[in-house]
Amino acid sequence: MTASLAILPVLLLALGTPVFLVFLAAVAVTFFFILPTPPVALHQVLFGGFDNYALLAIPFFVFAGELMGTSGIASRLITWVLALVGRLPGSLAVSTVGASTVIGAISGSSVAAVAALSKTLYPKLVSSGYGKERSAGLLASSGAIDIVIPPSIAMILYGLAAEQSIPRLFMAGVIPGLLMALMMCIFVIVVAIVLRIPVVGRFDPREAWLATKNAIAALLMPVFVLGGIYNGWFSPTEAGGFACLYAIVVARFVYRTMNWADIIRAAGNSAMLSAQILIIVATAGVVTWVLTTQGVPQAIVAWIQALDMNAMTFLLAVNVVLLIIGCFLDPTSAILVFAPLLVPIAISLGIDPIHFGIIMTVNLAIGMFTPPFGLNIFVAQSVTGLPAHSLYKGVLPFVAVQVTALLIITYVPALSLMLGQSL
1 MTASLAILPV LLLALGTPVF LVFLAAVAVT FFFILPTPPV ALHQVLFGGF DNYALLAIPF
61 FVFAGELMGT SGIASRLITW VLALVGRLPG SLAVSTVGAS TVIGAISGSS VAAVAALSKT
121 LYPKLVSSGY GKERSAGLLA SSGAIDIVIP PSIAMILYGL AAEQSIPRLF MAGVIPGLLM
181 ALMMCIFVIV VAIVLRIPVV GRFDPREAWL ATKNAIAALL MPVFVLGGIY NGWFSPTEAG
241 GFACLYAIVV ARFVYRTMNW ADIIRAAGNS AMLSAQILII VATAGVVTWV LTTQGVPQAI
301 VAWIQALDMN AMTFLLAVNV VLLIIGCFLD PTSAILVFAP LLVPIAISLG IDPIHFGIIM
361 TVNLAIGMFT PPFGLNIFVA QSVTGLPAHS LYKGVLPFVA VQVTALLIIT YVPALSLMLG
421 QSL
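Laid out in structure tokens, this is it:
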């Protein structure tokens, strides 16, 4: 079983095999050659993994994010943030971080945010004196905030895998996500001062009001979605459906930037992305089922307890392991496989599972732009045309900034738990 579930996946990943095929091959070999379980169980477990109402939230939020991303709303949000921070040193870089945070509160898609922001802001950042490497690194790293700021698809999957409250996870991600954004802003302001990068704008109340008026429909979306969840008006899944309807109304009738053909095209793109996510959900679910039925989580818990490891040491070890895993696996795959293994250990050490979910999410968000295989790096590369080694140099300072934020989030649980205590 070690060979089929550990060595074989590593070899397949090294050969560039898609993640869902890696999982499927591993469990197929395990089912057919190792386990006494009838092979038909593989089919049953594979499709049984979809039997969860909360999974409907994923295609809903993906569709809503696609609509908001392709309707020109991102540019309105960028204009709005820049109008508010125009007087600050490094205002363009700060507006990049701010726009990514706001887009994260709308779509929850890191890749979509990096693609949208790179097309709009990369030329402006380079011409303003930030340099190609630093500009691309900023764009790739800013997108990671979207995974932490609610609504977050990664948190929905963690809630399912760890059997935790999704609304509490959403609320728990607010302050950590804002902390990540704040530390990024402080860093780029310092860089702008050191490099003497000129301020590209100024604060004008009239321009700020006009930008706010143009962006108000987009800015109200997370207010309605998250407010509806926390006031008990609808579940996270129903909130995803509402987000889709709201995005269609805004794109078609308020901003009038999309016709019905564009909306149908966005639905097709969303279906493709949702299928990619859900096939990983199905295959990772089989891996988790095999590990659970064979007593692997219980064995790991017993091993950790035998080491007499305290909570702080365990969390440090988890951070190191997940940062490495995040370089090779996307958050969806990593959460579905490792959450069922690690959460019981965390609970046995007295760690709140909601706080642990935020720690996992932040770790894997950082992995999205960590060399060599961070997905955001490849998205930024496709837009900017920079070679991979240049992007690696550009993102490394931001990796250090975000790891610092991770350590604060890890060892100050109140940051994750204070807002969700009333839920």
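In the UniProt record's numbering, the protein residues as written are 1 to 423. Note that CB positions come from ideal geometry on N, CA and C, so glycine has one too.
- Item | Backbone CA spacing between Leu342 and Ala400 [nearest angstrom] | 25 Å
- Identify whether Trp233 lies in helix, strand or coil by the three-state DSSP scheme. coil
- Close beta carbons around Val148, own chain, < 7 Å, minus the five adjacent residues each side: Excluding residues within five positions, the ones whose Cβ falls inside 7 Å are Gly173, Pro176, Gly177, Met180, Thr361, Val362, Ala365.
- Message: Taking a contact to mean a Cβ-Cβ separation below 8 Å, would you say Gly243 touches Ala64 in this structure?
- Response: Checking the sequence shown, residue 243 turns out to be Ala, not Gly. Note that the C-beta distance between Ala243 and Ala64 is below 8 Å.
- Item | Host alpha helix (DSSP H) of Arg265 (start-end) | 260-293
- Message: One question on the structure: do Val286 and Val126 come within less than 8 Å of each other, judged by their Cβ atoms?
- Response: no
- Message: Looking at Thr257: is its Cβ nearer than 8 Å to the Cβ of Gly72?
- Response: yes
- Message: Measuring CB atoms only, is the region 133-141 touching the region 153-167, in the sense that at least three cross pairs come out at less than 8 Å?
- Response: no
- Task: Give every residue of the same chain whose Cβ lies closer than 6 Å to the Cβ of Val81, excluding the five residues on either side of it in the sequence, and list them in chain order.
- Result: Answer for Val81: Ser95, Gly98, Ala99, listed in chain order.
- Can you give the beta carbon distance from Leu417 to Ile248, rounded, assuming they're within the 8 Å contact cut? Rounded, the Cβ-Cβ distance is 36 Å, inconsistent with contact.
- Item | Presumed contact (8 Å Cβ cut-off) between Ile335 and Leu56, rounded CB distance | Actually they do not touch by this definition, with Cβ atoms about 18 Å apart.
- Out of Tyr230, Ile280, Ser135, Met312, which has the shortest C-alpha to C-alpha gap to Gly385? Ser135
- Taking DSSP as the reference, what is the three-state secondary structure of Ser152? coil
- Query: Is the region 317-333 touching the region 8-23 in the sense that three or more CB pairs, one from each, lie closer than 8 Å?
  - Reply: yes
- When you compare only the Cα positions, how much space is there between Thr288 and Gly295? 11 Å
- With a 10 Å radius around its C-beta and 16 neighbouring C-beta atoms as the bar for buried, classify Met312 as buried or exposed. exposed
- Are the Cβ atoms of Val337 and Ala284 separated by less than 8 Å? yes
- When the Cα of Val250 is compared with those of Ser235, Gly227, Leu219, which residue comes out closest? Leu219
- Message: Just to confirm the assignment, what range does the alpha helix (DSSP H) spanning Gln44 have?
- Response: 40-48
- Query: Given Gln381, which residues of its chain have a CB within under 7 Å of its CB, disregarding the five upstream and five downstream residues?
  - Reply: Ala388, Leu391
- Task: Kindly indicate which residue of Val290, Ala215, Phe356 has the alpha-carbon position closest to the one of Thr410.
- Result: Phe356
- CA-to-CA distance, Leu195 to Ala93, given in whole angstroms: 13 Å
- Task: Spatial neighbours of Ser75 within its chain, please: CB distance less than 7 Å, with the 5 preceding and 5 following residues excluded, ordered by chain position.
- Result: So the qualifying residues of the chain are Thr120.
- Have a look at Gly240 and Phe224 and give me their C-alpha separation to the nearest angstrom. 11 Å
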